[in-house]
Each structure stands twice: as structure tokens, then as C-alpha cells.
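Residue numbers (our numbering): 22 to 258.
Yeah, the Cβ is synthetic: ideal placement off N, Cα and C, and Gly gets one too.
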Ligand code: AMP
């Protein structure tokens, strides 16, 4: 069965018609590895919504909700937001109708405890895959400190590697581009440290289950890496 390829190429009418279980794809990797960049196109290819916990927090911060105010103090320091806040927010989001066939998770889980809580909630009701975007730290600093994000749709661009066609404007929706506060170098260094100590152990956690963890070399152009993503997903089923 090659359900992912079938969906991509339009051989199947819908994901549900070839795969009874919803498909949950976890996008993993350090900040700047390409999760946000590839999430949009992959969401389109698989016809599944893209759920980024970072974007959900930023939306709450913009709207000044109680959750946003609590999360902001952690985010501004490059630290992880406590699990109870993350899990409530995420479980609320994935209970929505558009997630019934599955979804892409970007930025979640960030700890083994989050993964366990999530797996417990899913049970055996969904097919779970984790795509790990692998990049060395040195490459990440340049990628992140040159990153510009869209205020409206969150799509990332890069001053050098993916410059917007019109300066300061998102190529996808025309929204204004800005540098996230936590993309400044000093905060990024803290985020990388947090990634290595708290998130990287997830790789060992997911590799215990056969076929769950898929590795993608994330060095190369956006197109090259995305091609690898699709090949890796197709080969996995
Ligand atoms: P991101 O956009 O994924 O880089 O997330 C930005 C920030 O939001 C992170 O540095 C964390 O402070 C917070 N955050 C996002 N997702 C999570 C999560 N799953 N657990 C804890 N904190 C998170």
C-alpha cells in the first residue's frame, strides 16, 4: 500500500478512502531545520492541516489571551512553555473537524513527556510518522538569524536563501514580514540548548517503534529537501 503517494498524485479520491486511520505526521528537528518551510507545501500535498504550536502561541500573544500572556514569558527567553498549557491548547485544536483525516504537527512534541501524553491520547486510532529534519548547529544560526516570518500566514522567508519577491512582503499572502523576537541570536542559542537537552531525546524515543521515525537530510535547496521529504514518505508505506 502506498497511500501517501496515491494521495499526492491524485490516484485516490481522499485520504480516508485508502487509509482507514487518520495520518499524523510529526515534523521534528532543531529551530531552523525547515519544519515551517516544508509544512505548508506538505500540508497541501497530503491535504492535511498544518498545526504549529509556536504559531498557536503567537496567535494567542497577538490576541493577548490569558494563555498568550502566560506563554510569552517563556517564549521570550527561549524556554519551553509548560506541558499543561501546550497540551490543553493542542488537544483543543486537534479536536476540530478539519483534523478528522489527520494533520501535520510542527513544533510538537518538544519533550518525551509531551510525546507520551500525546501517544496516550491517540491510542491506536491513528497512523503516526515522525519526520526528522537533520542539520548541524552551525548551519542553523545563519538560517535563523536571517529568517523573516509573515505576520499574517506565518510563512518563513530568508534574506539570503529564500528572499521575498517584493521586499518586506510575503510571497504567499502579501502580508508584512518581520523578525520574530526569539529569532535573535542570543535567544536562538538558548533555544538550541533547550532543543539538545529536552527535545533531542525524542529521536531515541521514536526510534524504539519500527517504521515511525523517518530521517531527512535537510541540507540543500528548499526544492531538493522537499523532494527528499516526499520520497521518504512514499518509501515508508
Ligand atoms: P516554534 O515556532 O516552534 O519555534 O516555537 C516558538 C516557541 O514557542 C518555542 O521556543 C517555545 O517557547 C514555544 N513552544 C512551541 N511549541 C512548544 C511545545 N510543544 N512545548 C513547549 N513550548 C513550545
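If contacts are defined as beta-carbon pairs under 8 Å, then residue i and residue j qualify, I think. What distance do you get, rounded to the angstrom?
{"i": "residue 47", "j": "residue 126", "result": "5 Å"}
{"i": "residue 153", "j": "residue 66", "result": "Between residue 66 and residue 153 the Cβ distance is about 19 Å, and since that is not below 8 Å, they are no contact."}
{"i": "residue 172", "j": "residue 199", "result": "6 Å"}
{"i": "residue 89", "j": "residue 212", "result": "The Cβ separation is near 19 Å, so there is no contact."}
{"i": "residue 192", "j": "residue 178", "result": "7 Å"}
{"i": "residue 214", "j": "residue 166", "result": "Residue 214 to residue 166, Cβ: 16 Å. No contact."}
{"i": "residue 151", "j": "residue 234", "result": "5 Å"}
{"i": "residue 209", "j": "residue 52", "result": "7 Å"}
{"i": "residue 101", "j": "residue 219", "result": "6 Å"}
How far does the alpha helix (DSSP H) with residue i in it extend, from its first residue to its last?
{"i": "residue 95", "result": "87-96"}
{"i": "residue 61", "result": "56-67"}
{"i": "residue 74", "result": "74-83"}
{"i": "residue 259", "result": "In the structure as shown, the chain starts at 22 and stops at 258, and residue 259 therefore has no counterpart that could be examined."}
{"i": "residue 166", "result": "158-166"}
{"i": "residue 203", "result": "Premise fails: residue 203 is in no alpha helix (DSSP H) and is neither H nor E."}
{"i": "residue 222", "result": "222-228"}
{"i": "residue 143", "result": "133-143"}
Would you mind sorting residue i into buried or exposed? The rule is 16 or more other CB atoms within 10 Å of its CB.
{"i": "residue 74", "result": "buried"}
{"i": "residue 32", "result": "In this predicted model, residue 32 has a pLDDT of only 47, less than 50, meaning its place in the structure is not dependable; the value taken from the coordinates is given anyway. Flag for residue 32 reads exposed."}
{"i": "residue 78", "result": "buried"}
{"i": "residue 38", "result": "In this prediction, residue 38 has a pLDDT of 46, which is less than 50 and means its spatial position is unreliable; nothing more can be read from the coordinates."}
{"i": "residue 204", "result": "buried"}
{"i": "residue 176", "result": "buried"}
{"i": "residue 256", "result": "exposed"}
{"i": "residue 145", "result": "exposed"}
{"i": "residue 128", "result": "buried"}
{"i": "residue 248", "result": "exposed"}
{"i": "residue 147", "result": "buried"}
{"i": "residue 254", "result": "buried"}
Apart from the five residues just before and just after residue i, which ones in its own chain have a Cβ nearer than 7 Å to its Cβ?
{"i": "residue 243", "result": "58, 183"}
{"i": "residue 239", "result": "50, 54, 55, 154, 155, 156, 246"}
{"i": "residue 226", "result": "133, 136"}
Excluding the five sequence neighbours on either side, which residues of its own chain have a C-beta within less than 6 Å of the C-beta of residue i, listed in chain order?
{"i": "residue 130", "result": "136, 139"}
{"i": "residue 123", "result": "43, 44, 45, 69"}
{"i": "residue 189", "result": "198"}
Here's a check: name, in chain order, each residue in its chain whose Cβ is nearer than 8 Å to the Cβ of residue i, leaving out the five neighbours to either side.
{"i": "residue 30", "result": "The predicted position of residue 30 is uncertain, since its pLDDT is 43 and thus under 50; a value taken from the coordinates is nonetheless stated next. Hits under 8 Å: none found."}
{"i": "residue 104", "result": "132, 134, 135, 138"}
{"i": "residue 60", "result": "48, 71, 73, 125, 127"}
{"i": "residue 110", "result": "74, 77, 78, 81, 88"}
Along the chain, where does the beta strand (DSSP E) containing residue i start, and where does it finish?
{"i": "residue 238", "result": "234-238"}
{"i": "residue 248", "result": "Not the beta strand (DSSP E): residue 248 falls in the alpha helix (DSSP H), residues 243-256."}
{"i": "residue 112", "result": "Unbroken run through residue 112 is the alpha helix (DSSP H), 104-115; no beta strand (DSSP E)."}
{"i": "residue 154", "result": "148-155"}
Mind checking whether the beta-carbon of residue i lies closer than 6 Å to any heavy atom of ligand 1?
{"i": "residue 107", "result": "yes"}
{"i": "residue 51", "result": "no"}
{"i": "residue 96", "result": "yes"}
{"i": "residue 86", "result": "no"}
{"i": "residue 260", "result": "No answer is possible for residue 260: the residues shown for the chain start at 22 and end at 258."}
{"i": "residue 227", "result": "no"}
{"i": "residue 75", "result": "yes"}
{"i": "residue 78", "result": "yes"}
{"i": "residue 45", "result": "no"}
{"i": "residue 209", "result": "no"}
{"i": "residue 89", "result": "no"}
{"i": "residue 101", "result": "yes"}
{"i": "residue 205", "result": "no"}
{"i": "residue 212", "result": "yes"}
{"i": "residue 128", "result": "yes"}
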